[in-house]
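Going down the list, the sequences are from chains Z and D. Sequential numbering of the first sequence, starting at 1, is according to the numbering used here. Sequential numbering of the second sequence, starting at 1001, is according to the numbering used here. For reference, the structure discussed in these notes is given below.
2 protein chains.
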Amino acid sequence: MAGYIAPSTGRAVRAVLFDTFGTVVDWRSGIASAVAAFADTHGLTLDPEGVADAWRARYRPSMDRVRSGMRPYVSLDTLHRENLEPVLLARDVDPAAIPAGDLDALANAWHFLPPWPDSVAGILQIKRDFIVGPLSNGNTSLLLDMAKAAGLAWDVILGSDVSRAYKPSPEAYLAPAALLGLAPGEVMLAAAHNSDLAAARSAGLATAFIARPAEYGPRQQRNLAPTADWDVTATSITDLADQLAVARC
Amino acid sequence: MAGYIAPSTGRAVRAVLFDTFGTVVDWRSGIASAVAAFADTHGLTLDPEGVADAWRARYRPSMDRVRSGMRPYVSLDTLHRENLEPVLLARDVDPAAIPAGDLDALANAWHFLPPWPDSVAGILQIKRDFIVGPLSNGNTSLLLDMAKAAGLAWDVILGSDVSRAYKPSPEAYLAPAALLGLAPGEVMLAAAHNSDLAAARSAGLATAFIARPAEYGPRQQRNLAPTADWDVTATSITDLADQLAVARC
Chain Z
1 MAGYIAPSTG RAVRAVLFDT FGTVVDWRSG IASAVAAFAD THGLTLDPEG
51 VADAWRARYR PSMDRVRSGM RPYVSLDTLH RENLEPVLLA RDVDPAAIPA
101 GDLDALANAW HFLPPWPDSV AGILQIKRDF IVGPLSNGNT SLLLDMAKAA
151 GLAWDVILGS DVSRAYKPSP EAYLAPAALL GLAPGEVMLA AAHNSDLAAA
201 RSAGLATAFI ARPAEYGPRQ QRNLAPTADW DVTATSITDL ADQLAVARC
Chain D
1001 MAGYIAPSTG RAVRAVLFDT FGTVVDWRSG IASAVAAFAD THGLTLDPEG
1051 VADAWRARYR PSMDRVRSGM RPYVSLDTLH RENLEPVLLA RDVDPAAIPA
1101 GDLDALANAW HFLPPWPDSV AGILQIKRDF IVGPLSNGNT SLLLDMAKAA
1151 GLAWDVILGS DVSRAYKPSP EAYLAPAALL GLAPGEVMLA AAHNSDLAAA
1201 RSAGLATAFI ARPAEYGPRQ QRNLAPTADW DVTATSITDL ADQLAVARC
């Protein structure tokens, strides 16, 4: 069978799985839009991008409590909803003064983030020759809502609530591979974050870096370039598609 | 939000999940074709439809050992592969005389079954307004191979290896609903088998009967008609799509 052989693993890649927040969708613009609408509805003065950044900044520490076992598994939906409250409090907005349904709706904006301009077409192109799906810390229902709204043509969606593990824990990479009936080396992680790729490589996966230099806004400092010899380095998902197509014999 | 309200549950259905073997794909024809090719390769005289029927007949009892807890969870792939051997032995074919890879390949035919003529179009039509996916005893990789080969445009694939439960156990219906973030009554099972629908209804799901009068060949006796007042009774998946579209306000 003709295929793309990953240099790092020597295996033919069968599935290309994608980090989603930042790699496939533009969380910062999507959340800022939702925050702007929320502020308008409630007559609040909020800096939408600042709220998006502060909300996102709480993601990793809150997840690390689950990853370390300090806290039993809860979904990313739960963490997003919880983390919204201190973000508002820090801006002198009392969450208790806002109807809970409106806070829930704002937290639900993480389900409906806009794709980067190349995501829909790139995923469709890769889907012709590979299994495509997210490999995200998002829960299944979040990833499903996102896919249906954005038109992401995933073959399969296995959220972190299926593996009950958060990246960068090895299990978060190994459980999806096992459910796909594949060896780790037959799975490629495509991600905009070097740390995610490093963990995937440690777990035995092939790796592709997708540059997303505006993910964190105009002053982004990190993840502007690959920090290791990932199997592929691409400027977009369509570029990744083209490189995988060329590399197939 | 306009939607289809299931009479039995009074809830708006958000996801239509499908039994696969018999309901979406024609396992008997697909397996018979694979058996015919296998017999030809190995110079064997086998009745392809008879082998398909005998192989399928071992499915339920082998699964019941897992369902009852007599045996720890193993995937349907494992059961299909194991069950092939007594089927061959009963026809005086010694599996030990056949290369194991050829037996594996024959068992893998369950991943590549042909859809009924209305399945692809009907699922696409229902997908416009609902989440669509399989709700099958198949494992995720089997359902994924089937979907890619047949062109079934599922939004999400959660195999029995995700819930680690086999239908008709209640958990097999409830675990997918929970992963979709839905109440059981927001999920409809579409199936060609009354017993599957009865178990789904007991678990709180909405139900649709799809008539597949040739699933078991020309002399089929069971499941020719609905045996209860399922929410919808349809002659095909496209008919189900039309009925759901009409019933949406």
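Yeah, the Cβ is synthetic: ideal placement off N, Cα and C, and Gly gets one too.
{"query": "Mind listing the chain Z neighbours of A1100(D)? Cutoff is C-beta to C-beta under 8 Å, in chain order.", "result": "None at all; the shortest Cβ gap to chain Z is about 17 Å."}
{"query": "Who does V13(Z) pair with in a DSSP beta bridge?", "result": "Looking at the DSSP assignment, V13(Z) forms no beta bridge with any residue, so it has no partner."}
{"query": "Between L158(Z) and chain D, is any beta-carbon pair separated by less than 9 Å?", "result": "yes"}
{"query": "By the three-class DSSP mapping on this structure, what secondary structure does I157(Z) have?", "result": "coil"}
{"query": "Buried or exposed for V1051(D), please, with buried defined as at least 16 other CB atoms from any protein chain shown within 10 angstroms of its CB.", "result": "buried"}
{"query": "Hey, A175(Z) and V162(Z): beta-carbon distance below 9 Å or not?", "result": "yes"}
{"query": "As an exercise, report each continuous beta strand (DSSP E) stretch of at least 3 residues that is fully enclosed by the segment 112-169 of chain Z, in chain order.", "result": "131-134"}
{"query": "DSSP three-state label for P246(Z), please.", "result": "Residue identity differs from the one stated: residue 246(Z) is Val in this sequence, not Pro. Note: V246(Z) maps to helix in three-state DSSP."}
{"query": "My guess is that F1038(D) and L1106(D) are in contact by the Cβ rule of under 8 Å, so how many angstroms apart are they, rounded?", "result": "5 Å"}
{"query": "When the cut-off is 9 Å and only beta carbons count, does V1162(D) lie next to chain Z?", "result": "yes"}
{"query": "Excluding five sequence neighbours on each side, which residues of the same chain lie with their C-beta closer than 6 Å to the C-beta of P1058(D)?", "result": "Reading off the sequence shown, one finds Arg at residue 1058(D), where the question assumed Pro. The residues are N1083."}
{"query": "Under the three-state reduction of DSSP, which class applies to L44(Z): helix, strand or coil?", "result": "coil"}
{"query": "Report yes if the CB atom of F21(Z) is closer than 9 Å to the CB atom of L113(Z), and no otherwise.", "result": "yes"}
{"query": "Among residues of its own chain, excluding the 5 on either side of R1056(D), which ones have a beta-carbon nearer than 6 Å to its beta-carbon?", "result": "none"}
{"query": "Any chance you could list the alpha helix (DSSP H) runs of at least 4 consecutive residues sitting entirely within the segment 165-227 of chain Z, in chain order?", "result": "170-179 and 194-202"}
{"query": "Could you spell out where the alpha helix (DSSP H) holding A1090(D) opens and where it closes?", "result": "Counting along the chain, A1090(D) falls outside any alpha helix (DSSP H), and DSSP gives it neither H nor E."}
{"query": "From M1001(D) to Q1125(D), what distance separates their C-alpha atoms?", "result": "The predicted position of M1001(D) is uncertain, since its pLDDT is 48 and thus under 50; a value taken from the coordinates is nonetheless stated next. Computed Cα separation, rounded: 19 Å."}
{"query": "Name, please, each residue of chain Z whose Cβ falls closer than 8 Å to the Cβ of I1131(D).", "result": "L144 and K148"}
{"query": "According to DSSP, I5(Z) sits in a beta bridge with which residue or residues?", "result": "A12(Z)"}
{"query": "Taking 9 Å as the threshold (C-beta atoms), are N137(Z) and L76(Z) in contact?", "result": "yes"}
{"query": "Taking V232(Z) as part of the beta strand (DSSP E), name the residues at either end of that continuous run.", "result": "V232 to A234"}
{"query": "If you draw a straight line from the alpha carbon of R1222(D) to that of A192(Z), how long is it in whole angstroms?", "result": "54 Å"}
{"query": "What does D155(Z) touch in chain D if you count any residue whose Cβ is under 9 Å from its own?", "result": "L1144, A1147, K1148, W1154 and I1157"}
{"query": "Using only the alpha-carbon positions, how far apart do A1206(D) and A1147(D) sit?", "result": "24 Å"}
{"query": "Note down, in chain order, every chain D residue with its Cβ under 7 Å from the Cβ of G181(Z).", "result": "S1141"}
{"query": "Expressed to the nearest angstrom, what Euclidean distance is found between the alpha-carbon atoms of R219(Z) and P1134(D)?", "result": "44 Å"}
{"query": "Are at least three pairs of beta-carbons, each pair with one atom in the segment 1092-1109 of chain D and one in the segment 1151-1170 of chain D, less than 8 Å apart?", "result": "no"}
{"query": "Which partner residues does F38(Z) have in the DSSP bridge list?", "result": "Answer is none; F38(Z) lacks a bridge partner."}
{"query": "Could you tell me the distance, in whole angstroms, from the CA atom of P1115(D) to the CA atom of T1140(D)?", "result": "17 Å"}
{"query": "In the DSSP assignment, what are the bridge partners of V1025(D)?", "result": "F1021(D) and P1115(D)"}
{"query": "Determine the DSSP secondary structure at M70(Z), reduced to helix, strand or coil.", "result": "coil"}
{"query": "Name the two residues that bound the continuous alpha helix (DSSP H) containing D1104(D).", "result": "A1100 to A1107"}
{"query": "Can you give me the C-alpha to C-alpha distance between V1232(D) and D1242(D), rounded to a whole angstrom?", "result": "11 Å"}
{"query": "For D229(Z), which of helix, strand or coil comes out of DSSP?", "result": "coil"}
{"query": "Skipping 5 residues on each side, what residues in its chain have a beta carbon closer than 6 Å to that of L244(Z)?", "result": "Y4"}
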